[in-house]
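Take 91 as the starting number for the sequence shown in the numbering used here and just add one per residue.
Read through the structure below, which is laid out as structure tokens, and then see the notes.
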Amino acid sequence: MRNEWNIPEEQTKKVKRTKIFISLTLSVIGILVILSQAIPLTKSYIDGVIEQARVKLMKNPVPDSYKAYIEEEFAYYDPSKSYFDNLEDRIEGLTFEGVYTYDPTTNETKKIVVDTQYGKDMYLSIKSVGIEDIVIIPNVESTEEKVYDQYLKRGVAHFKGTPLPGDGGNSFIYGHSSVESFFARHQNLAETIFTRLEDIDIGDDIYIEKDGNQLYYIVRKKKIVEPDDFSILNTQGNKEVITLMTCWPL
């Protein structure tokens, strides 16, 4: 049986516990309110920094020769021809003789193969950014604008002279990106689907279907390539990789 003299003391403790609980609850609510305001402000700040970077990187004024149209509507800038010309020179100097890639399916090394005669469509999926079963056209002659443009109307292109996905080394795949005003109205257009690459994150999954087999990749790096940077063609040690490229800023 409790002593009646302890009743006031227990009530005092109960009141203290209640006050502490209320204080903690109000503190948590206050923190949540602050975060609800801080997160949008932080996002707005980051978006502003990105937009400033775009403005600085964008050629001003942009040459009319860079402008490309789809059905008479301005869609994107295409400064790629001169860049691809230089890439072609680098590819001609590449040699894979005696270079091997680790094959995770067999746990063995294999020779890097450049099969310039392969002609079957492959399919690319990056579900995290809404790219699903987009056609990859293999071995596209990429120094002739009229040639690669006709292929990019129905998907993305594999740069001829680099290994195909699954053949070891570094496979180079590229596609167009559109300006935001165009992409907002044509988000699933194959010709400009690589606009979505801007939202890709490290760790995202990439799948390529080739010859009925599914190849699996994980995004490990995302960077802006300078106009005179051709390191994207380099092999990455003994790893088999793909490089996806599009124009930026949009």
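Even glycine gets a Cβ: it sits at the ideal position worked out from N, Cα and C.
If you're wondering where the values come from, they're calculated on a predicted model, not measured in any experiment.
- One alpha carbon belongs to Pro317, the other to Thr115, and they sit about 55 Å apart.
- Using a C-beta cut-off of 8 Å, the region 259–270 makes contact with the region 185–203, since at least three inter-stretch Cβ pairs fall below that distance.
- Where Leu242 is concerned, the enclosing alpha helix (DSSP H) starts and stops at 235–242.
- Counting every other CB atom within 10 Å of its CB across the protein chains shown gives Tyr241 a total of 16 or more, marking it as buried.
- Residue range 212–216 is occupied by the beta strand (DSSP E) that includes Ser215, with no alpha helix (DSSP H) assigned at that position.
- Contact annotation, Gly220 with Ala247: C-beta distance approximately 20 Å; criterion of less than 8 Å not satisfied.
- Between the region 229–237 and the region 297–316, the count of C-beta pairs closer than 8 Å stays below three; the two stretches do not touch.
- Close CB contacts of Tyr208 within its chain, under the 7 Å cut and outside five residues either way in sequence, are with Pro228, Asn229, Leu254 (chain order).
- The distance from the Cβ of Asp291 to that of Ser218 is about 7 Å, consistent with a contact at the 8 Å cut-off.
- In the DSSP annotation of this structure, Glu316 is not part of any beta strand (DSSP E), being labelled neither H nor E.
- Secondary structure of Ile227 (DSSP, three-state): strand.
- Secondary structure of Glu281 (DSSP, three-state): helix.
- Around the CB of Lys243, fewer than 16 other CB atoms lie within 10 Å, so the residue is classed as exposed.
- A distance of 7 Å or more separates the beta carbons of Phe284 and Thr206.
- Under DSSP, Gln326 takes part in a beta bridge, and its partners are Lys329.
- Here Lys300 has Met212, Pro255, Gly256 as same chain residues with Cβ atoms under 7 Å from its own Cβ, once five neighbours each way along the sequence are excluded.
- Annotation for Phe186: no beta strand (DSSP E) segment contains it, and DSSP assigns it neither H nor E.
- Judged by DSSP in its simplified three-state form, Ile290 adopts coil rather than helix or strand.
- When the alpha-carbon of Glu288 is set against those of Tyr297, Thr333, Lys312, the nearest one is in Lys312.
- Rounded to the nearest angstrom, the gap between the Cα atoms of Thr333 and Asp319 is 14 Å.
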